[in-house]
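Mapped onto the working numbering, the consecutive letters of the sequence shown carry residue numbers 38 to 194.
This report concerns only the one structure given below.
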Amino acid sequence: MSTLTNEQLTEKYKRFAEQGGPLYNVFTVQDVMDGNYKVDGMRGHPFTIGSKHVAEAADHYGGILGREVCEKIPCEHQDRRYGPKCGRPLSSHTSDRILLVNLCRDLENKEATDALLAIKGELEKDGISGVGFACRFKKFKIAEPKVEVENKVDKSE
Numbered sequence: 038m039s040t041l042t043n044e045q046l047t048e049k050y051k052r053f054a055e056q057g058g059p060l061y062n063v064f065t066v067q068d069v070m071d072g073n074y075k076v077d078g079m080r081g082h083p084f085t086i087g088s089k090h091v092a093e094a095a096d097h098y099g100g101i102l103g104r105e106v107c108e109k110i111p112c113e114h115q116d117r118r119y120g121p122k123c124g125r126p127l128s129s130h131t132s133d134r135i136l137l138v139n140l141c142r143d144l145e146n147k148e149a150t151d152a153l154l155a156i157k158g159e160l161e162k163d164g165i166s167g168v169g170f171a172c173r174f175k176k177f178k179i180a181e182p183k184v185e186v187e188n189k190v191d192k193s194e
């Protein structure tokens, strides 16, 4: 998995969409983001930092709120219905990293697939497990190629 932040990865993949890049004139890159949050393997939420994290960092870590603090002080996320707080450490919280793209124009399925396959190795290297399609200003689509059907009429009758 890449040590780059989501912001750094967004800039990297935006360069792939510039002229000469494998995504040029096919996709524009909007963002690299986390999604599909899980806590201990079940549907979840992002790790939530609260006042206890800030106090622990200030008192024992020179004000640096890092991974150690988030492992020591559990997640402060509370269910919308005011259920109990999550109480799990940072290591129990996982998510998928997703590349969010926009279409530049209407595409055929093969063209879109080929462009994404061209960057598949980079996506895997960077720990990006999926691609999401954003709907921006123009509503482009990916479709199967149009097949011309010949209309043969038997004129022998």
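For every residue, glycine included, the Cβ atom is placed at its ideal position computed from N, Cα and C.
Being a predicted model, the structure only gives us computed values, none of them experimental.
Given arginine 142 as reference, the closest of Lys51, Ala171, Leu160, Phe177 once Cα atoms are compared: To locate residue 142, count along the sequence shown from 1; it is residue 105. The residue with the shortest Cα to Cα distance from arginine 142 is Phe177.
C-alpha distance - serine 166 paired with threonine 47, whole-angstrom precision: For this step, residue 166 is matched to residue 129 along the sequence shown. For this step, residue 47 is matched to residue 10 along the sequence shown. Whole-angstrom Cα-Cα distance: 14 Å.
Which residues DSSP lists as bridging glutamate 145, in chain order: Taking the first residue of the sequence shown as 1, we reach residue 145 at position 108. Ala180, per the DSSP bridge assignment.
Segment contact flag, the region 80-98 with the region 53-67, C-beta cutoff 8 Å, min 3 pairs: no
Cα-Cα separation between leucine 140 and serine 132, rounded to whole angstroms: The residue you call residue 140 lines up with position 103 of the sequence shown. The residue you call residue 132 lines up with position 95 of the sequence shown. So the two alpha carbons sit approximately 25 Å from each other.
Proximity test, glutamate 93 beta-carbon vs the ligand NAD heavy atom, cut-off 7 Å: The model depicted lacks the ligand NAD and carries no ligand whatsoever.
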